[in-house]
Amino acid sequence: MSRADRRSFAIAGLALLLLLHCAPADVTDQQHGERLVRMHITQDPASLSLIGKTDLNTEIVAMRLTDALVQYDDQLQFQPLLAESWEFSAEDRTITFRLRQGVRWHDGEPVTSADVLFTINKLREPETENRTWAPDLRSLTRLEAPDDYTVVATYSEINADALSGWRTPILPEHVASLDQDLFNGGFARHPIGCGPFKFVSYVRGQEIVLEANDDYWAGRPEIDRLEIKIFADQQTAYQALMTGDLHIMVMSSNLWRQLDESDDAERFVRTSYKRYAAWVLGWNQLSPYFDDARVRRALVHALDRETFIDSVVEGMAHLGATTFPPASAWADPALAPLGFDPVEARRLLEEAGWVDTDGDGVRERDGVKFSITLLVAKGPQQLTEWMAAWQQQSWADVGVDTTIDRIEFQAFRERRKERKFHVLGQSFHFTDPDMTGLYHSNEADAGYNFWGVDDPEIDALLDTVRTTFDPEPRLAGMHRLQRLLDEQQPVTALFFFDAPLVYDKRLDGVRPSPLGYANTIHGPREWRWAEGAGR
1 MSRADRRSFA IAGLALLLLL HCAPADVTDQ QHGERLVRMH ITQDPASLSL IGKTDLNTEI
61 VAMRLTDALV QYDDQLQFQP LLAESWEFSA EDRTITFRLR QGVRWHDGEP VTSADVLFTI
121 NKLREPETEN RTWAPDLRSL TRLEAPDDYT VVATYSEINA DALSGWRTPI LPEHVASLDQ
181 DLFNGGFARH PIGCGPFKFV SYVRGQEIVL EANDDYWAGR PEIDRLEIKI FADQQTAYQA
241 LMTGDLHIMV MSSNLWRQLD ESDDAERFVR TSYKRYAAWV LGWNQLSPYF DDARVRRALV
301 HALDRETFID SVVEGMAHLG ATTFPPASAW ADPALAPLGF DPVEARRLLE EAGWVDTDGD
361 GVRERDGVKF SITLLVAKGP QQLTEWMAAW QQQSWADVGV DTTIDRIEFQ AFRERRKERK
421 FHVLGQSFHF TDPDMTGLYH SNEADAGYNF WGVDDPEIDA LLDTVRTTFD PEPRLAGMHR
481 LQRLLDEQQP VTALFFFDAP LVYDKRLDGV RPSPLGYANT IHGPREWRWA EGAGR
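Have a look at this one:
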């Protein structure tokens with residue numbers, strides 16, 4: 001090759017690289033001729049059974065494949081799905097649902113009340129391990145189907161958030177009932193629903209592919225294909241976004257800033273919204289380290305959270321006094337989060353009997369060193385590692401020795417369930433002000449009370465909030481509960497992180513909510529590409 005040829009080849013190569021870097025990606029699948037959207041999740045769903053061992057990613061997939069009776073909109077108001085209407089009877093303690101007629105499963109069979117009864121009964125079996133919707137149905141005593149399109153639910157007591165449990169994804173009895181094992185049977189390998197998208201394929205650790213349901217009762221989605229890409233590493237996901245292998249994702253603050261300063265920024269809509277989600281510290285109160293509220297408060301006082309927000313996440317987080325999201329109408333505005341006060345932290349620890357008597361920098365009590373393990377799940381963001389390292393150093397500064405134990409998420413779930421931890425860090429999402437599952441002593445086995453909270457006053461206030469329908473006294477009960485939670489710190493809401501959302505500017509219909517951008521009645525079923533995108 002001559003020098004001129006090599007020069008021409010190099011120029012052509014550079015031009016191609018610039019084109020690939022700057023040109024908007026085609027949104028049409030060239031192989032199938034379909035309009036597709038690629039969205040991001042951070043890890044595989046716990047199960048494709050749609051109702052078993054539910055986590056956030058399971059919910060995201062389930063809401064695409066099948067419908068519930070009701071679902072939240074982006075303002076957290078209940079909207080009808082399979083139930084076209086419902087009626088409360090406080091006297092009879094019942095909810096009567098009227099189902100839509102003409103709704104069909106993906107295999108063409110009709111959706112009936114028998115499917116609802118099958119799903120709810122399966123959901124409530126302990127083997128299903130559902131901690132998302134089943135707790136809201138704990139007081140359900142009888143479930144009946146007078147006809148194919150009526151469901152009557154009777155409760156021992158009916159509470160103000162009773163509809164929450166009816167966000168459960170409904171399963172087809174004629175398919176799912178054939179499996180003795182909900183998690184490993186044919187249904188979990190190829191789930192069938194009645195939702196806006198149909199299952200196509202799943203490659204673990206890579207992607208879940210769905211296609212539009214032409215027969216969806218509310219109208220066919222405007223996109224033909226939804227590819228849910230699984231990227232455990234945020235940097236990898238970011239690169240996929242840059243090359244068009246992703247169209248929408250929530251990213252970490254450092255990547256958000258990186259995009260903001262890049263030449264590609266104009267290709268995307270960049271927005272940030274406040275989620276009703278907190279990164280919490282759960283203190284195991286059955287351990288000798290955290291059975292005293294003074295110790296829990298001390299370790300919170302040892303953390304300079306404001307500086308962490310400013311220096312590490314560039315302001316994209318806010319503090320709350322308790323797990324009640326501060327951006328919600330439920331939060332008590334009079335409560336302030338515990339501030340950074342290492343002097344008070346040391347005082348509280350000494351008051352609780354933890355003193356460094358041998359001068360080695362680690363406190364002890366009754367001959368036991370204050371040496372604990374912080375349990376966290378491995379995740380896609382370095383932020384989890386940064387938080388754990390910061391907590392480790394901050395607690396060392398007040399005489400607490402901490403070992404960080406980062407394990408795979410499924411192993412984390414098992415350790416949490418068995419209460420084999422001292423303190424753990426994880427994210428929790430809140431859809432309503434009922435915190436029963438997190439704190440009530442009755443939820444120690446079947447709910448999310450992994451911390452061993454057993455306080456009669458907390459139980460009584462939780463019961464009041466659940467069963468009070470009048471908004472004003474109910475809110476007053478929430479505020480009394482929050483003051484007690486602030487004092488006791490059974491679970492500490494460390495941060496409420498903002499969600500930096502980035503998506504292709506040609507993608508219309510994206511409606512973020514406090515629950516996320518794909519966790520309401522809207523989501524991908526309303527997404528559409530702007531006219532001419534990718535053409």
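Under the working numbering, think of the first position of the sequence shown as 1, with each following residue one higher. For each residue, glycine too, the CB sits at the ideal point set by N, CA and C. Predicted model, so just to flag it, every value in this text is computed and none were measured.
- It is roughly 57 Å from the alpha-carbon of Asp-397 to the alpha-carbon of Ser-89.
- Just so you know, the alpha carbons of Ser-371 and Phe-324 end up roughly 30 Å apart.
- For Lys-274, the uninterrupted beta strand (DSSP E) run begins and ends at 268-274, by DSSP.
- For Ile-372, the enclosing beta strand (DSSP E) begins and ends at 371-377.
- Around the beta-carbon of Ala-336, fewer than 16 other beta-carbon atoms lie within 10 Å, marking it exposed.
- Runs of the alpha helix (DSSP H) lying entirely within the region 124-167, each at least 4 residues long, are absent.
- When the five nearest sequence neighbours on each side are left out, the beta carbons in the same chain lying within less than 7 Å of the beta carbon of Lys-505 are those of Arg-267, Phe-268 and Val-269, in order along the chain.
- Going by beta carbons, Trp-529 and Arg-35 fall inside the 7 Å limit.
- Distance between Phe-308 and Phe-428, taken at the CA atoms: about 20 Å.
- Residue nearest to Gln-392 within the set Lys-417, Gly-425, Ile-407 and Gly-339 is Gly-425 (criterion: CA-CA distance).
- Closest in alpha carbon position to Arg-167, among Thr-66, Lys-369 and Arg-474, is Thr-66.
- Buried is the label assigned to Asp-115, since at least 16 other Cβ atoms lie within 10 Å of its Cβ.
- Straight-line spacing of the CA atoms in Gln-258 and Arg-305 works out to 23 Å.
- Counting the other Cβ atoms within 10 Å of the Cβ of Asn-184 gives fewer than 16, which makes it exposed.
- C-alpha of Glu-87 to C-alpha of Thr-94: approximately 8 Å in a straight line.
- Pro-80: member of the beta strand (DSSP E) spanning 78-80, first to last residue.
- As the crow flies, the alpha-carbon of Leu-178 is around 50 Å from that of Asp-264.
- Ranked by Cα distance from Ala-533, the first of Asp-148, Gln-101, His-247 and Pro-45 is His-247.
- Counting C-beta pairs with one atom in each stretch, the region 124-131 and the region 95-112 have fewer than three that are closer than 8 Å, which means they do not touch.
- Rounded to whole angstroms, Glu-414 and Gly-452 show a C-alpha spacing of 16 Å.
- Between the C-alpha atoms of Ala-493 and His-174 there is a straight-line separation of about 43 Å.
- With fewer than 16 other CB atoms across the displayed protein chains lying within 10 angstroms of its CB, Gly-361 is exposed.
- The DSSP assignment places complete alpha helix (DSSP H) segments of no fewer than 4 residues inside the region 267-325 at 293-301 and 305-311, in order along the chain.
- A straight line joining the alpha-carbon of Leu-475 with that of Glu-157 spans about 20 Å.
- According to DSSP, Gln-426 shares a beta bridge with Val-280.
- Residue burial is scored here from C-beta neighbours: Arg-220 has fewer than 16 other C-beta atoms within 10 angstroms and is therefore classed as exposed.
- Contact between Ala-334 and Glu-487 is absent: CB atoms are separated by about 14 Å, not below the 8 Å threshold.
- Nearest neighbour of Met-316 by Cα position, chosen from Asn-254, Asp-260 and Arg-297, turns out to be Asn-254.
- For His-522, no beta strand (DSSP E) segment is defined, and its DSSP state is neither H nor E.
- Put simply, of Tyr-448, Asn-130, Phe-450 and Ser-394 the residue whose alpha carbon is nearest the alpha carbon of Leu-48 is Asn-130.
- Beta bridge pairing from DSSP links Gln-71 with Gln-79.
- Where Thr-492 is concerned, there is no enclosing alpha helix (DSSP H), although the beta strand (DSSP E) around it starts and stops at 491-504.
- Shortest Cα-Cα distance from Asn-213 to any of Gly-205, Glu-222 and Gln-206 involves Glu-222.
- Tyr-202 is bridged by DSSP to Ile-208.
- In this model, Ser-287 and His-422 are separated by some 7 Å (Cα to Cα).
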